[in-house]
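Peer 1: One structure follows; several queries about it will come next.
In full-length UniProt numbering, the protein residues as written are 1 to 601.
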C-alpha cells in the first residue's frame with residue numbers, strides 16, 4: 001500500500017530520520033575544497049572554518065549530520081570571505097554531486113560518500129567611501145580604513161570601535177552607532193562604509209554600589225577602590241578601580257559594570273560584584289643541591305584577616321638538610337593592610353627570626369619593622385620601611401660579635417616579563433638602597449643592591465630564548481670588620497655562580513674567609529625547546545667580590561658553566577635540573593647539581 005498526502009509525507013520523513021540516526025558504516029568519505037583564485041592563506045582559513053570538512057573527524061558522519069554541517073557552511077564561508085574582502089563570492093557545496101541547499105532534510109540520502117566545496121571568491125574589494133563621523137578630538141581611525149585600501153569587515157569593525165573608544169575616553173560613556181550605510185558596488189569592486197556615531201551626553205562618575213556576598217566590608221572596599229565620584233567618566237579609571245581591588249588578593253572575581261541609564265544630573269553609577277577567594281592557602285617548596293643538601297619551605301597565607309582585605313603571610317624554611325653545613329632556618333611574617341593610606345598605597349608590618357649556619361660565618365638575627373608600599377602600575381611598585389635589627393655573629397673577625405641597627409629599607413621593582421616563572425620576553429629590575437644607623441656602638445653605613453634580568457626570544461614564540469642577568473652589590477661606610485656578615489657579599493651557589501660551592505668566594509682574613517663590600521655577578525642562559533614540555537639549557541655564570549665599595553681589577557673572581565634540562569609544570573614553572581662545573585677560580589667543589597622548580601632566573 002502506498003501512502004500519499006500529508007500523512008505519507010510525515011511517515012516517510014520519520015522513517016528517513018530514524019534511518020539517519022542508526023549507526024552507519026562509512027568506508028571512505030571523501031571531502032575536498034577548491035578555491036581557484038584564492039590565496040593559500042585564505043584557502044586554509046576556509047578549510048579550517050568548514051564544519052562539513054571537519055565533521056567526520058568529530059565523529060559526525062551520518063547523512064543528516066553531514067547535511068546539517070554543509071548547510072551551516074554557506075553562511076560561515078561567506079563570512080570568512082567577507083572578512084577577507086571578497087564581497088561577491090559564489091559557493092557550491094555538493095553532497096555526492098547534489099547541491100546541499102537543494103536537499104530536503106526529510107529525505108536525506110541513505111549514505112554520503114563525497115563532499116565537494118567549490119568556492120569562487122570573486123574580486124578583492126577596496127574602499128570607495130570610508131567614513132566614521134563624528135569623531136572626538138584626537139581620534140585617528142585605522143590607516144587601512146581609507147579610500148583605495150583593501151575593504152574587509154574586520155577593518156570596518158575596527159574603525160567603528162576606534163570611534164566609540166575615542167568618545168568614551170573623552171567622557172561620553174553612552175556613545176553608540178546611530179546609522180550605518182554599507183553599500184557594495186560590484187562593477188568597480190568597491191565597498192562604501194558610512195557610519196554615524198551618536199556620542200550622547202558627557203558624563204561624570206556617580207556612585208559605586210557593592211553587590212554580591214563578600215566578607216570584605218563595603219567601607220574597606222570603598223577605600224581600596226578609590227572610586228572617582230564626581231570626576232569625568234574615563235574607561236581607564238574604571239579599569240584602575242578593578243585592578244586595585246584584584247591586587248589585594250582577596251577576591252576570586254571582581255566585576256565593575258556601569259548602569260545602562262545615566263542619572264538625570266549627568267552622573268553614571270556602577271555596580272561592583274565580588275566573589276571571595278578561600279581565606280587560607282598553604283604552599284610548600286623544595287630545592288636540592290649536591291653540596292648544600294635539601295632546603296624545605298612552607299608558606300601559609302590568610303586573606304582578609306580582619307575584614308578589610310588584609311593579607312597575612314607566614315613563612316618557615318629549614319635549610320642544609322643533609323648538606324655540608326649545620327641545619328639552620330628562618331621564620332617570618334608580613335601583614336599587608338591595603339585600606340590604610342589610599343587606593344594605590346598600603347601599609348605592611350614585617351618580622352623575622354633566623355639562624356644562619358654558613359661555612360664562613362654563623363649569625364642569629366631578628367628584625368621587626370613597618371613600611372609603606374606605593375603601586376604605580378601592574379608592573380611597577382616601590383616600598384620604604386623602617387625597622388630594628390638585632391644580630392649575634394661568629395665570623396672571620398671574631399666570635400660573639402653584636403650588631404644593632406635602626407635601618408631604612410627602600411626597594412623598587414619593575415617587572416615587564418611576559419611570564420614570571422618562565423619568561424621568554426621582557427625585563428625585570430629590582431633595586432634597593434638600605435641605609436643603616438648603628439646602635440650600641442655599631443657603625444653606620446648603607447647597602448646598595450640591584451638585580452636586572454632581560455629575555456629575548458628572537459620571534460620564535462618562546463622556542464629559543466636568550467636570558468641574561470646582572471647582579472650588583474655595594475656597602476658604604478665602615479670597614480668590613482665593623483659590618484654584620486649578613487650585609488657583606490659572597491659568591492657561589494645556585495643564586496650567583498653555579499658550579500661553585502655556595503658562598504665559596506669571599507676575602508681571605510687570616511686563615512678564614514669574610515664577605516666583601518662589593519659584588520658583581522653575570523649570568524647567561526640559552527634555552528631551547530625540544531618538545532612543548534621539555535627544554536635544554538646551556539649556561540655560564542661569573543662572580544667577583546671586592547674589598548672596597550667598588551670592584552677593582554684586583555678583585556677575586558670565579559666562574560662556572562653547565563647544562564640543564566627543564567620540564568614544564570604549567571603555572572608552577574619548569575622543574576629544573578642543572579649540572580655545573582667550575583671553569584675558573586680556586587675551588588675544590590667539582591661537579592655540582594641543582595634541582596628545583598622555576599627557572600634559575
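For glycine and all other residues, C-beta sits at the position ideal for the given N, C-alpha and C.
#1: Which residue wins for smallest C-alpha separation from residue 430, given the options 471, 186, 478 and 123?
#2: Beta-carbon within less than 6 Å of residue 492's beta-carbon, same chain only, minus the 5 sequence neighbours each way: which residues are those?
#3: For residue 469, which residues from the same chain have a beta carbon less than 6 Å from its beta carbon, with the 5 sequence-adjacent residues on both sides left out?
#4: Tell me residue 354's beta-bridge partners as DSSP assigns them.
#5: Does the Cβ-Cβ distance between residue 224 and residue 245 come in under 7 Å?
#6: Over the uninterrupted alpha helix (DSSP H) stretch that includes residue 82, give me the two end residues.
#7: Entirely within the stretch 149-221 and at least 3 residues each: give me those beta strand (DSSP E) ranges in chain order.
#8: Between residue 77 and residue 50, how many whole angstroms is the CB-CB distance? I'm expecting something under 8 Å.
#9: Please work out which residues of its chain come closer than 6 Å, Cβ to Cβ, to residue 604, disregarding the five sequence neighbours upstream and downstream, and give them in chain order.
#10: What does DSSP give as the partner residues of residue 228 in its beta bridges?
#11: Spell out the partners DSSP gives residue 475 in its beta bridges.
#12: Starting from the C-beta of residue 339, find all residues in its chain whose C-beta is less than 6 Å away, skip the five residues before and the five after it, and write them out in chain order.
#13: Can you tell me which of the three DSSP states residue 120 falls into?
#14: Go through its chain and collect everything with a Cβ distance to residue 87's Cβ below 7 Å, but skip five positions before and after it.
#15: The beta strand (DSSP E) spanning residue 523 covers which residue range?
#16: Would a C-beta distance cut-off of 7 Å place residue 384 and residue 371 closer than the cut-off?
#17: In three-state terms, what does DSSP make of residue 106?
#18: Thinking C-beta only, is residue 100 closer than 7 Å to residue 34?
#19: Between residue 261 and residue 67, what straight-line distance do the alpha-carbon atoms span, to the nearest angstrom?
#20: By Cβ distance below 7 Å, which residues in the same chain neighbour residue 303 in space, the five residues on each side in sequence not counted?
#21: Applying the criterion that 16 or more other CB atoms from any shown protein chain within 10 Å of the CB defines a buried residue, is residue 424 buried or exposed?
#22: For residue 599, tell me which candidate among 587, 577 and 411 has the shortest Cα-Cα distance.
#23: Do residue 159 and residue 132 have their C-beta atoms within less than 7 Å of each other?
#24: For the stretch 229-261, list the beta strand (DSSP E) runs that are entirely contained and at least 3 residues long, ordered along the chain.
#25: When the Cα of residue 37 is compared with those of 98, 120 and 84, which residue comes out closest?
#26: By how many angstroms is the C-alpha of residue 333 removed from the C-alpha of residue 305?
#27: For residue 592, report the span of its beta strand (DSSP E) as first-last.
#28: May I ask you to report which of helix, strand or coil DSSP gives residue 223?
Peer 2: Working from what's here:
#1: For residue 430, the nearest C-alpha among the options comes from 471.
#2: Listed in chain order, the non-local C-beta contacts of residue 492 below 6 Å within the same chain comprise 500, 501, 502, 503, 504 and 505, local neighbours out to five positions each way being set aside.
#3: The beta carbon of residue 469 sits closer than 6 Å to the beta carbons of 453, 523 and 601 from its chain, once the five residues preceding and following it are set aside; these are given in chain order.
#4: For residue 354, the beta-bridge partners assigned by DSSP are 330 and 365.
#5: Yes. Within cutoff.
#6: Residue range 63-83 is occupied by the alpha helix (DSSP H) that includes residue 82.
#7: Assignment of beta strand (DSSP E) within the stretch 149-221, counting only whole runs of 3 or more residues, yields 176-185, 190-198 and 204-211 in chain order.
#8: Confirmed, about 7 Å.
#9: With the chain covering only 1 through 601, there is no way to say anything about residue 604.
#10: In the DSSP output, where bridge partners are listed per residue, residue 228 has none listed.
#11: For residue 475, the pairing in a beta bridge is given by DSSP as 447.
#12: For residue 339, where only same-chain residues beyond five positions count, the Cβ hits under 6 Å are 220, 223, 224 and 308.
#13: The three-state reading of DSSP puts residue 120 in strand, counting E and B together.
#14: Contacts found: 125, 184 and 191.
#15: Residues 518-529.
#16: At the C-beta level, residue 384 and residue 371 come within 7 Å of one another.
#17: Note: residue 106 maps to helix in three-state DSSP.
#18: No.
#19: Those two C-alpha atoms are separated by around 46 Å.
#20: Same-chain partners within the cutoff: 249, 250, 277, 279 and 311.
#21: Its Cβ being crowded by 16 or more others within 10 Å, residue 424 is buried.
#22: Nearest option by C-alpha distance: 577.
#23: A contact, by the Cβ cut-off of 7 Å.
#24: Counting whole runs of 3 or more residues, the stretch 229-261 contains the beta strand (DSSP E) stretches 251-258.
#25: The shortest Cα separation from residue 37 among 98, 120 and 84 belongs to 120.
#26: When only Cα atoms are considered, residue 305 and residue 333 end up about 14 Å apart.
#27: From DSSP, the beta strand (DSSP E) with residue 592 extends over 592-597.
#28: In the three-state DSSP reduction, residue 223 falls in the helix class (H, G or I).
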